[in-house]
Structure formats: structure tokens, C-alpha cells
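Novice: Adding 1 to a residue's 1-based position in the sequence shown gives its number in my numbering. Where a beta carbon is used, it is the ideal one built from N, C-alpha and C, also for glycine. Please read through the structure below; I'll follow up with questions.
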Amino acid sequence: MNQTPPSRPSKAGSRILLGGVNFGTDDSPEPVLAVSCESEDEADNMAQTLLSVQDGVRPFPSGPDFYSGDNNIVVTITKTGKDTALVQIAAYADRRHLTCVYYSAESLPWDLVEPFLDLVDLRGQFTLTVACGEDLLLKKINLLKYVINKRGV
Numbered sequence: 002m003n004q005t006p007p008s009r010p011s012k013a014g015s016r017i018l019l020g021g022v023n024f025g026t027d028d029s030p031e032p033v034l035a036v037s038c039e040s041e042d043e044a045d046n047m048a049q050t051l052l053s054v055q056d057g058v059r060p061f062p063s064g065p066d067f068y069s070g071d072n073n074i075v076v077t078i079t080k081t082g083k084d085t086a087l088v089q090i091a092a093y094a095d096r097r098h099l100t101c102v103y104y105s106a107e108s109l110p111w112d113l114v115e116p117f118l119d120l121v122d123l124r125g126q127f128t129l130t131v132a133c134g135e136d137l138l139l140k141k142i143n144l145l146k147y148v149i150n151k152r153g154v
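Set out below in C-alpha cells:
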């Protein structure tokens with residue numbers, strides 16, 4: 002599995018990683034958005050929190066451990082300037098309420114966000130997962146998402 006470089010240098014707390022990952026022999030990378038945590042325990046807790054609120058289904062009970070069709074975890078990308086975009090992840094236990102179980106936002110360079118969005122448009126989907134530092138932990142949570150709310154993009 003080949004990963005693109007991380008979105009930003011390491012800093013305290015969770016951060017958002019955007020990139021593409023080649024799975025198997027497919028030449029076109031799969032777009033991946035990850036919540037990166039400082040430790041594997043923190044990543045495990047984050048994965049459990051996100052799994053507890055996602056409302057997708059596991060399409061193949063005997064196949065890979067991934068979920069598809071979730072609507073409770075919302076990803077929004079807002080272009081905030083010529084060279085930046087605000088990437089937000091909000092996880093709701095109940096979408097009828099505005100209270101988030103988890104919320105994260107990070108301003109990222111547009112030259113990182115734009116290729117990610119191009120990949121999402123090309124593939125029609127992206128994977129949401131967690132990471133420990135720069136290492137993706139797809140076995141902890143692997144959500145196949147289809148919608149990104151875009152503002153000013």
C-alpha cells in the first residue's frame with residue numbers, strides 16, 4: 002500500500018490527513034481522509050467513537066470489514082482563500098440535533114485539497130479512517146463515503 006505524504010507536520014492533538022492510497026494493482030489511487038491521532042490508543046478510541054455513530058451498512062458480512070452509506074459523519078470543505086481550505090469532520094449521533102459527538106476542523110493548503118477533491122470526483126467515493134501519526138489504521142475503521150459538502154469550491 003503506497004501512501005501520499007502527510008498533509009502537515011506533526012502537531013499536538015488530532016489532525017486531518019488527505020491523500021490517495023493504492024490498494025492492490027489498481028493504478029488509480031483511492032482518495033483517503035484520515036483523522037490522525039498521536040497514539041494508537043487514541044486512534045482506537047476515535048475509531049470506536051466514529052463507528053458508534055455511523056449509520057452505514059456492512060455490504061458483505063463475510064467480506065472485508067468496511068461500511069458504506071453512512072450519513073451521520075459529515076465532511077465539509079470550504080475554500081477560505083486563494084491558497085487555503087477549511088476541512089471539517091462532524092460526527093452526529095442524531096442528525097436532527099446540532100450536537101456533535103466529534104468535531105474537527107483544520108485549515109489545509111489548497112494545493113493539497115484540490116487533488117484530493119479531483120480524486121473524489123474521479124472515483125465517486127472516498128475512504129474515511131483513522132491514523133496513528135502518518136500510518137493509516139484501516140482495520141480499525143474503514144468507511145466508504147460518497148458525499149463531501151463543498152462551499153466556495
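Measure the alpha-carbon distance for residue 18 versus residue 57 and round it to whole angstroms.
Specialist: 22 Å
Novice: In angstroms with no decimal places, state the Cα-to-Cα distance between residue 144 and residue 136.
Specialist: 17 Å
Novice: Would DSSP call residue 160 helix, strand or coil?
Specialist: No statement about residue 160 is possible, as the shown extent of the chain runs from 2 to 154 and does not include it.
Novice: If you follow the alpha helix (DSSP H) that residue 50 is in, where does it begin and where does it stop?
Specialist: 41-54
Novice: Jot down the residue ranges of each uninterrupted alpha helix (DSSP H) in the segment 11-37, minimum 4 residues, whole runs only, in chain order.
Specialist: If we require 4 residues or more, the segment 11-37 turns out to have no alpha helix (DSSP H) run fully inside it.
Novice: Going by the DSSP bridge assignment, what does residue 116 pair with across the sheet?
Specialist: According to DSSP, residue 116 bridges with nothing at all.
Novice: Check whether the Cβ atoms of residue 121 and residue 149 sit closer than 8 Å, and answer yes or no.
Specialist: yes
Novice: Could you tell me if residue 40 is buried or exposed, where buried requires 16 or more neighbouring beta carbons within 10 angstroms of its beta carbon?
Specialist: Under the 10 Å beta carbon count, residue 40 is surrounded by fewer than 16 other beta carbons and is classified as exposed.
Novice: Which class does residue 102 belong to by DSSP, given the choice of helix, strand or coil?
Specialist: strand
Novice: Measure from the alpha carbon of residue 51 to the alpha carbon of each residue in 79, 70, 27, 103, then state which is nearest.
Specialist: 103
Novice: Quick check on DSSP: helix, strand or coil for residue 84?
Specialist: coil
Novice: On a Cα-Cα basis, can you pick out the residue from 32, 84, 96, 99 that is closest to residue 163?
Specialist: As shown, the chain starts at 2 and ends at 154. That puts residue 163 outside it, with no answer to give.
Novice: Does the structure place the segment 97-113 close enough to the segment 62-70 that three or more beta carbon pairs sit under 8 Å?
Specialist: Under the three-pair Cβ rule at 8 Å, the segment 62-70 does not count as touching the segment 97-113.
Novice: Look at the alpha carbon of residue 98 and the alpha carbon of residue 80, and state the distance between them as a whole number of angstroms.
Specialist: Going from the Cα of residue 98 to the Cα of residue 80 covers about 26 Å.
Novice: Going by DSSP, name the residue or residues bridged to residue 131.
Specialist: 36
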